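Protein chains: 2
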Amino acid sequence: MPVAAPPRRTLLTTRMAPLINDTFLRALRREPTDYTPVWLMRQAGRYLPEYRATRQRAGDFLTLCKTPELACEVTLQPLERYALDAAILFSDILTIPDAMGLGLYFTEGEGPRFERPVRDEAAVARLAIPDPDAELRYVIDAVRTIRGALAGRVPLIGFSGSPWTLACYMVEGGGSDDFRHVKSMMYQRPDLMHRILAVNAEAVSRYLLAQAEAGAQALMIFDSWGGALADGAFQTFSLPYMKTIVERVRAATDAPVIVFTKGGGLWLEQIAAIGPHAVGLDWTVNLGHARARIGQRCALQGNLDPMVLMASPDVVAAQVRDALDSYGAPGPGEGHVFNLGHGISRFTPPDHVTAMVDTVHAYSRAQRGAQKGGA
Amino acid sequence: MPVAAPPRRTLLTTRMAPLINDTFLRALRREPTDYTPVWLMRQAGRYLPEYRATRQRAGDFLTLCKTPELACEVTLQPLERYALDAAILFSDILTIPDAMGLGLYFTEGEGPRFERPVRDEAAVARLAIPDPDAELRYVIDAVRTIRGALAGRVPLIGFSGSPWTLACYMVEGGGSDDFRHVKSMMYQRPDLMHRILAVNAEAVSRYLLAQAEAGAQALMIFDSWGGALADGAFQTFSLPYMKTIVERVRAATDAPVIVFTKGGGLWLEQIAAIGPHAVGLDWTVNLGHARARIGQRCALQGNLDPMVLMASPDVVAAQVRDALDSYGAPGPGEGHVFNLGHGISRFTPPDHVTAMVDTVHAYSRAQRGAQKGGA
Chain A
36 MPVAAPPRRT LLTTRMAPLI NDTFLRALRR EPTDYTPVWL MRQAGRYLPE
86 YRATRQRAGD FLTLCKTPEL ACEVTLQPLE RYALDAAILF SDILTIPDAM
136 GLGLYFTEGE GPRFERPVRD EAAVARLAIP DPDAELRYVI DAVRTIRGAL
186 AGRVPLIGFS GSPWTLACYM VEGGGSDDFR HVKSMMYQRP DLMHRILAVN
236 AEAVSRYLLA QAEAGAQALM IFDSWGGALA DGAFQTFSLP YMKTIVERVR
286 AATDAPVIVF TKGGGLWLEQ IAAIGPHAVG LDWTVNLGHA RARIGQRCAL
336 QGNLDPMVLM ASPDVVAAQV RDALDSYGAP GPGEGHVFNL GHGISRFTPP
386 DHVTAMVDTV HAYSRAQRGA QKGGA
Chain B
36 MPVAAPPRRT LLTTRMAPLI NDTFLRALRR EPTDYTPVWL MRQAGRYLPE
86 YRATRQRAGD FLTLCKTPEL ACEVTLQPLE RYALDAAILF SDILTIPDAM
136 GLGLYFTEGE GPRFERPVRD EAAVARLAIP DPDAELRYVI DAVRTIRGAL
186 AGRVPLIGFS GSPWTLACYM VEGGGSDDFR HVKSMMYQRP DLMHRILAVN
236 AEAVSRYLLA QAEAGAQALM IFDSWGGALA DGAFQTFSLP YMKTIVERVR
286 AATDAPVIVF TKGGGLWLEQ IAAIGPHAVG LDWTVNLGHA RARIGQRCAL
336 QGNLDPMVLM ASPDVVAAQV RDALDSYGAP GPGEGHVFNL GHGISRFTPP
386 DHVTAMVDTV HAYSRAQRGA QKGGA
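Protein sequence lines correspond, in order, to chains A and B.
For the first sequence, counting from 1, position 59 maps to 94 in the working numbering; every step adds exactly one.
For the second sequence, counting from 1, position 373 maps to 408 in the working numbering; every step adds exactly one.
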């Protein structure tokens, strides 16, 4: 029987420290865990004074993203404070369009902007797929650096924006509250929109695979603006392109894939059907209902309202317990990763996060104990 | 058999012109109609040059709202252009908190703001329920003026923000993208939040009833920020207060009530259960699925993506046909009112609206014909 050469990623992994805490990966693979693992979207961020200090040292946000040592430093900061079960690469969602040459810049208070938004046929025709090892080399270097620095403590999550979400920024030229330009193109010139999305899907696939090769142990696709799409348009302009990526990534690496469409609660079955290991949930979704709908087909990740963390630690703990009760203890072939339903707010008092993380661990251990005791 | 005195509203109605086009009211009551009636949220608005002219004449937005003759003028403007099946009172969603003395003002580009947001126990304790016939007299006068000017052409819709949506503006002091202040209060001091919501529910009930008495023939509750709430919080802090209003209004008037929670697609059954005549849908909801879920219990209103109207008239017509096909022809005890899934954009080319309205009428007539032909 011919034996295929082991993929590069496996070779690389063997050179790295063995994983000490694999609870997060086990939950994504729907294997039994002693407790519910937890991490926070945007856990390395402005709510942490140590992050603000590093960012000040970097000078500006893009320098922070583009300097692997600094990206590594801030990625590890929340792990020093909290008993988190995963680290996530510190980077920006717009690295790909930046690498396409659209001219990413940041304005104070207005968020990211592009100097050259993609608004017409000529601009679409000019789009080229960036080489992760060239234009995005700083991200791949950051992954490698962080993975080394983690020394097997917890798994490292790599990520990308979804093709549709990247297209929103590329066409709008920045954030938007009505998505007028990108939706105008989508409705009036679906051919152009599909061209952008095909380029983005290929770019995201290569980018995520390169992150996995460099050491990322799980991969997440942020479809942050999928929920802005109409029913029907989501299934045409976001979902199929994420499916392409999930299939490409699953064929080439064993890193579990998480797909998170914010505002996608109505489409959970369809999202689960594109084959990710886990589906991210925002806080409008009832965890128990989501478990009944898709919990046997993939793991669930979420979904505390980030604003819960503005309340006092006792309120935070009570809300965490309610969320864990809503999901219940995972049964065979089920998995739950605790998280917020969106990124943590910059106004969050850091000690409130301690209450969240510690309650998730303690209460979910107790749930499993009660389940065993009752069985 | 003792005969109860007719309610004041009926007396008033008899003094008014008989209704010529009652298609909208029939659809809300789930009675048969020859075609699907249509109106647009924010149909009197900035996308119309004649609206911009009246507003310029008024000087500022609040003067426009507070001058019944001007409010009447802009309310009627879209009816001159389009074959709409309903008019909606031109007013602002924040009239109630303004009447509570919070000091509403508008800043260019930033939207509405309050001088005195409700942030602490003392501010909550000071809240008083406005008298619709005193502090809100200008709205009631506008309803009466518009109803007279309509002369029975189409029904007039009165409206209010939901208690939760008003609370968002009252506590935040304006618009928000994270609802940090209002959610902090909600999670940390639910007692204060419930107090605000109880005051708002009473204020909204009286306000809507006064509008109905003055001539409004249907009433709509805009829960524009209900979808920002977590599952569980929606059922605690928005839904029960809307239920109170629906019950109060239904007991006192025969004007049909529409409840619209933007982003509430996951909760349609629960919204239908509070007893409105119709449930509004945003564009993330599949119309056919919504019909299957709640279409036998109440009428549905919606739900074209307002950005469809940025595309050319032929694209608009195709999207309208798709939406009508998704719902299908209403069966016995069903009703559909065509609308956008949210307010029309100020950037909409006015002639694209003609394509929408005319296609709704023509295609839905054809659907009913085909249904009869096939039966």
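Even for Gly, the Cβ is constructed at its ideal location relative to N, Cα and C.
None of these values were measured; they are calculated from a predicted model.
key: Whole-number beta carbon distance between residue 108 of chain A and residue 89 of chain A, since they are thought to touch under 8 Å   = Yes, they are in contact, since the Cβ atoms of residue 89 of chain A and residue 108 of chain A sit about 5 Å apart, within 8 Å.
request  = List the residues of chain A whose Cβ lies closer than 9 Å to the Cβ of residue 266 of chain B, in chain order.
outcome  = 300, 318, 319, 320, 321, 322, 324, 338 and 361
Buried/exposed call for residue 91 of chain A, threshold 16 Cβ in 10 Å = Residue 91 of chain A is classed as exposed because its beta carbon has fewer than 16 other beta carbons within 10 Å across all chains shown.
N-terminal and C-terminal residue of the alpha helix (DSSP H) that residue 321 of chain B is part of = From DSSP, residue 321 of chain B is part of no alpha helix (DSSP H); its letter is neither H nor E.
query = With a Cβ-Cβ cutoff of 7 Å, do residue 234 of chain A and residue 220 of chain A count as a contact?
reply = no
query = Are there 16 or more other CB atoms within 10 angstroms of the CB of residue 366 of chain B, so buried, or fewer, so exposed?
reply = Classification for residue 366 of chain B: exposed.
task = Identify the contact partners of residue 345 of chain A in chain B, using a Cβ-Cβ distance below 8 Å as the criterion.
result = 215, 218, 219, 222 and 223
Short CB-CB distance (under 7 Å) between residue 277 of chain B and chain A = no
ask   = What residues in its chain sit with their C-beta under 8 Å from that of residue 64 of chain B, if we drop five residues either side in the sequence?
value = Excluding positions up to five away in sequence, the list reads 291, 312, 334 and 370.
task = Would you decide whether residue 140 of chain A is buried or exposed? Buried here means 16 or more other CB atoms lie within 10 Å of its CB.
result = exposed
task = Using 10 angstroms around the beta-carbon of residue 248 of chain A, count the other beta-carbons present and answer buried if the total reaches 16, otherwise exposed.
result = buried
ask   = For the beta strand (DSSP E) that residue 336 of chain A lies in, which residues bound it at each end?
value = Per DSSP, residue 336 of chain A belongs to the beta strand (DSSP E) from 334–339.
inquiry  = So, for residue 240 of chain A: in the same chain, excluding its five sequence neighbours on each side, which residues have a beta-carbon less than 8 Å away from its beta-carbon?
reply    = 279, 280, 283 and 284
task = Answer with yes or no whether the minimum CB distance from residue 350 of chain B to chain A is below 7 Å.
result = At least one chain A Cβ lies under 7 Å of residue 350 of chain B.
request  = At 3 residues or longer, and completely inside the stretch 100–124 of chain B: list those beta strand (DSSP E) runs for me, N to C.
outcome  = none
request  = Count the other C-beta atoms from every protein chain shown that fall within 10 angstroms of the C-beta of residue 360 of chain A, then say buried if there are 16 or more, exposed otherwise.
outcome  = exposed
Cβ pair count under 8 Å reaching 3, the stretch 78–88 of chain A against the stretch 159–171 of chain A = They do not touch, by the three-pair rule.
query = Do residue 320 of chain A and residue 298 of chain A have their C-beta atoms closer together than 7 Å?
reply = no
query = Are residue 256 of chain A and residue 211 of chain A closer than 7 Å when you measure CB to CB?
reply = no
query = Candidates A:244, A:287, A:181 and A:154: which alpha carbon is nearest residue 195 of chain A's?
reply = Of the candidates A:244, A:287, A:181 and A:154, the one whose C-alpha sits nearest the C-alpha of residue 195 of chain A is A:244.
task = For the alpha helix (DSSP H) holding residue 7 of chain A, just list the boundary residues, first then last.
result = No answer is possible for residue 7 of chain A: the residues shown for chain A start at 36 and end at 410.
request  = Can you check DSSP and say which residues form a bridge with residue 293 of chain B?
outcome  = B:255 and B:313
request  = Pick out whichever of B:209, B:51 and B:331 has its Cα sitting closest to the Cα of residue 303 of chain B.
outcome  = B:331
key: Interface positions of the stretch 364–390 of chain A facing chain B (Cβ-Cβ less than 7 Å), listed along the chain   = 380 and 382
key: Members of the stretch 185–214 of chain B that neighbour chain A once the beta carbon cut-off is set at 9 Å   = Here the close residues are 212, 213 and 214.
ask   = Does the beta-carbon of residue 55 of chain B have 16 or more other beta-carbons within 10 angstroms, so that it is buried, or is it exposed?
value = exposed
request  = Leaving out five residues on either side along the sequence, give the residues of the same chain with a beta carbon under 6 Å from the beta carbon of residue 310 of chain A.
outcome  = A distance below 6 Å between beta-carbons, with the five flanking residues on each side excluded, links residue 310 of chain A to the following residues of its chain, in chain order: 281.
query = Which residues mark the beginning and the end of the beta strand (DSSP E) in which residue 71 of chain A is found?
reply = Here residue 71 of chain A belongs to no beta strand (DSSP E), and DSSP marks it neither H nor E.
message = Considering just the uninterrupted stretch of the alpha helix (DSSP H) at residue 229 of chain A, what are its terminal residues?
response = 225–249
query = Any idea if residue 98 of chain B is buried or exposed, counting beta-carbon neighbours within 10 angstroms, 16 or more meaning buried?
reply = exposed
ask   = Between the beta-carbon of residue 259 of chain A and the beta-carbon of residue 200 of chain A, is there less than 7 Å?
value = yes
ask   = Since residue 371 of chain B sits in a beta bridge, which residues does DSSP pair it with?
value = B:335
ask   = Would you say residue 76 of chain A faces chain B, with C-beta separation under 7 Å as the test?
value = no
key: Terminal residues of the alpha helix (DSSP H) in which residue 274 of chain B lies   = 274–287
key: For residue 175 of chain A, the first and last residue of its enclosing alpha helix (DSSP H)   = 172–185
task = Using beta-carbon positions only, say whether residue 411 of chain A and residue 193 of chain A come within less than 7 Å of one another.
result = This structure cannot speak to residue 411 of chain A, because chain A is shown only from 36 to 410.
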